[in-house]
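Q: My questions all concern the structure below.
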Amino acid sequence: MAFSSSPLLRLISPKGIVGSSFNYCNFVKWSGASWFNQRGVGTATTASEAFRNQDSPPWLMLPPELESGTTNYKFYSLADNKVETPIPSDVIGNLRLTCRGSSHGWLALLSQHNDGFFLYNPISRRHIKLPSVLNLPTFPYYNILTPARYVSKVILSCSPDEDEENCRVVIMRPCGNAPAFCCPGRSKDWTLMLDENRDKRFYDDCVYSSRQNLFFGLTGNLVLESWDLGDPSSPKLIKYDDVGLYQYVHISSLERSSGVMYGRVEHLVLANEDDLLYLVQKIMPCVGPDGSCFDETDERCPDNYRYMTIGFDIWKYYPEEQKFKYLDSSSLGGLAIFVGLHNHSVAIQASEFPEVKPDSVYFTDGLVAGKLGGDESDDDIEWSGGGGHDIGIYNYKDKTVSSCYYPCDVRSLKNILPAPIWFFPSRTD
Numbered sequence: 001m002a003f004s005s006s007p008l009l010r011l012i013s014p015k016g017i018v019g020s021s022f023n024y025c026n027f028v029k030w031s032g033a034s035w036f037n038q039r040g041v042g043t044a045t046t047a048s049e050a051f052r053n054q055d056s057p058p059w060l061m062l063p064p065e066l067e068s069g070t071t072n073y074k075f076y077s078l079a080d081n082k083v084e085t086p087i088p089s090d091v092i093g094n095l096r097l098t099c100r101g102s103s104h105g106w107l108a109l110l111s112q113h114n115d116g117f118f119l120y121n122p123i124s125r126r127h128i129k130l131p132s133v134l135n136l137p138t139f140p141y142y143n144i145l146t147p148a149r150y151v152s153k154v155i156l157s158c159s160p161d162e163d164e165e166n167c168r169v170v171i172m173r174p175c176g177n178a179p180a181f182c183c184p185g186r187s188k189d190w191t192l193m194l195d196e197n198r199d200k201r202f203y204d205d206c207v208y209s210s211r212q213n214l215f216f217g218l219t220g221n222l223v224l225e226s227w228d229l230g231d232p233s234s235p236k237l238i239k240y241d242d243v244g245l246y247q248y249v250h251i252s253s254l255e256r257s258s259g260v261m262y263g264r265v266e267h268l269v270l271a272n273e274d275d276l277l278y279l280v281q282k283i284m285p286c287v288g289p290d291g292s293c294f295d296e297t298d299e300r301c302p303d304n305y306r307y308m309t310i311g312f313d314i315w316k317y318y319p320e321e322q323k324f325k326y327l328d329s330s331s332l333g334g335l336a337i338f339v340g341l342h343n344h345s346v347a348i349q350a351s352e353f354p355e356v357k358p359d360s361v362y363f364t365d366g367l368v369a370g371k372l373g374g375d376e377s378d379d380d381i382e383w384s385g386g387g388g389h390d391i392g393i394y395n396y397k398d399k400t401v402s403s404c405y406y407p408c409d410v411r412s413l414k415n416i417l418p419a420p421i422w423f424f425p426s427r428t429d
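With UniProt numbering, the residue at position 243 of the sequence shown is 243, and numbering never jumps.
Shown next, in the form of structure tokens:
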């Protein structure tokens with residue numbers, strides 16, 4: 001059902017309740033949307049000292065560019081407001097690489113040329129070969145739809161430069177395929193994360209707690225699990241039976257207030273400072289070229305619609321009570337949260353980084369329109385709902401969206417493929 005056609009639809013906005021005339025273009029905070037043009041962005045340079053400092057805020061990894069016959073990966077620095085190129089072209093060469101993960105200063109790169117899979121640190125220029133994903137078993141029903149080499153996210157327990165012996169790499173795979181892990185540089189194969197008492201399932205997201213030495217995973221049916229992978233030969237599953245999340249997130253706060261169905265993406269987020277776990281739900285209606293918002297089930301939704309983020313719901317996990325509790329708009333405590341499709345999600349104290357906005361969620365596109373397993377090029381687009389374009393900063397207090405490098409005006413949007421992801425610099429000395 002279109003927002004503009006129903007007198008019953010209500011939506012919470014920063015100025016109170018607005019009715020059926022809701023339009024995404026009016027929702028965007030224009031002072032933020034024009035930030036990109038007002039400040040400008042510095043020209044591309046080689047890696048700066050800030051890039052080599054793990055105490056800098058996350059960087060935005062931009063789509064690779066083909067220059068002089070080689071592929072160059074570039075990064076936008078929040079701290080310096082400029083684009084840098086830390087990966088030298090002689091390392092990347094002419095390989096067709098797809099980034100499938102960004103964690104602890106390392107990128108997980110999959111070669112479209114020879115199906116090679118490896119970790120790469122763009123600062124130290126070190127790379128570590130990972131086991132092939134071609135031989136991983138897949139859920140039978142999805143064998144045709146999901147190539148075995150498709151990986152949705154890669155998470156590291158730590159940087160291999162810090163503790164290579166105890167470093168674990170977890171890969172998540174969609175469509176009913178179980179996650180798997182390996183010991184980088186030592187494992188010849190991936191070990192599936194299965195339990196004889198549990199059905200095979202996939203994870204929507206995963207994070208690692210260095211204090212608890214556990215991987216936390218959010219299953220497709222919204223159950224929180226944790227894994228102890230300390231002994232690679234005997235991975236142990238811990239399931240939180242009474243912490244099922246469906247009761248919290250099966251319908252978002254904006255859906256309750258408006259009566260309209262939206263797209264939703266869930267992320268698990270770990271706060272670096274206090275090791276607290278958060279569930280972050282991204283809320284995305286279908287938006288037409290003129291900014292009109294639609295129910296995703298509405299047959300009148302235009303063919304060239306896009307999903308656009310208009311809000312977030314956030315819950316904090318209390319381990320003593322084994323419960324998630326909803327955080328209202330005044331209770332983020334100065335955190336800045338970074339979420340995205342392929343990177344691990346983190347929360348940092350914005351007070352430590354003057355360039356970062358407090359009580360905000362920095363987000364990249366959680367839906368990419370490329371074919372599963374494809375290289376996410378324009379030729380692979382099968383539907384227009386996701387195209388790497390949904391990037392911005394959501395203020396959790398005043399409920400507005402502002403831009404982050406790319407403009408967020410729906411009338412200026414273009415596909416950005418592959419979708420930008422967050423990169424977290426780590427020290428190598």
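Each residue gets a CB set at the ideal place from its N, CA and C atoms; glycine is no exception.
Just list the residues that DSSP pairs Asn72 with in beta bridges.
A: Glu65
Q: Pick from Lys239, Pro235, Ser234: whose alpha carbon is nearest that of Gly217?
A: Lys239
Q: Can you look up Phe423 in the DSSP assignment and give me helix, strand or coil?
A: strand
Q: Starting from the C-beta of Ile144, find all residues in its chain whose C-beta is less than 8 Å away, skip the five residues before and the five after it, and write them out in chain order.
A: Only weak support exists for where Ile144 lies, its pLDDT of 49 falling under 50; the value from the coordinates is given anyway. There are no such residues.
Q: With distances taken Cα to Cα, identify the nearest neighbour of Leu237 among Leu192, Arg211, Arg264, Val269.
A: Closest by alpha carbon: Leu192.
Q: Tell me whether Lys282 is buried or exposed, calling it buried when 16 or more other Cβ atoms sit within 10 Å of its Cβ.
A: buried
Q: Count the other C-beta atoms from every protein chain shown that fall within 10 angstroms of the C-beta of His250, then say buried if there are 16 or more, exposed otherwise.
A: Answer is exposed; the Cβ neighbour count stays below 16.
Q: Closer than 7 Å by C-beta to Glu65: which residues in its own chain qualify, once you throw out the five before and the five after it? Chain order, please.
A: Asn72, Lys74
Q: Would you mind stating whether Pro418 and Gly340 have Cβ atoms separated by less than 9 Å?
A: no
Q: When DSSP builds the beta bridges, which residues end up paired with Lys316?
A: Tyr278, Lys325
Q: State buried or exposed for Tyr76, treating a residue as buried only when at least 16 other CB atoms are found within 10 Å of its CB.
A: Counting Cβ neighbours within 10 Å, Tyr76 comes out buried, since at least 16 surround it.
Q: Starting from Glu255, trace the alpha helix (DSSP H) both ways and give me its first and last residue.
A: It spans 253 to 258 - the alpha helix (DSSP H) in which Glu255 sits, taken as one unbroken run.
Q: Nearest by alpha-carbon distance to Val401: which of Ile416, Gly387, Asp359, Lys188 is it?
A: Asp359
Q: Would you kindly report the start and end of the unbroken beta strand (DSSP E) that includes Gln349?
A: 346 to 349
Q: Looking only at DSSP bridge pairs, what is residue 430 linked to?
A: This structure cannot settle anything about residue 430, because the visible part of the chain is limited to 1 through 429.
Q: Just the Cα atoms here: how many angstroms apart are Ser253 and Ile314?
A: 10 Å
Q: Can you tell me whether Tyr318 is buried or exposed, with buried defined as 16 or more other CB within 10 angstroms of its CB?
A: exposed
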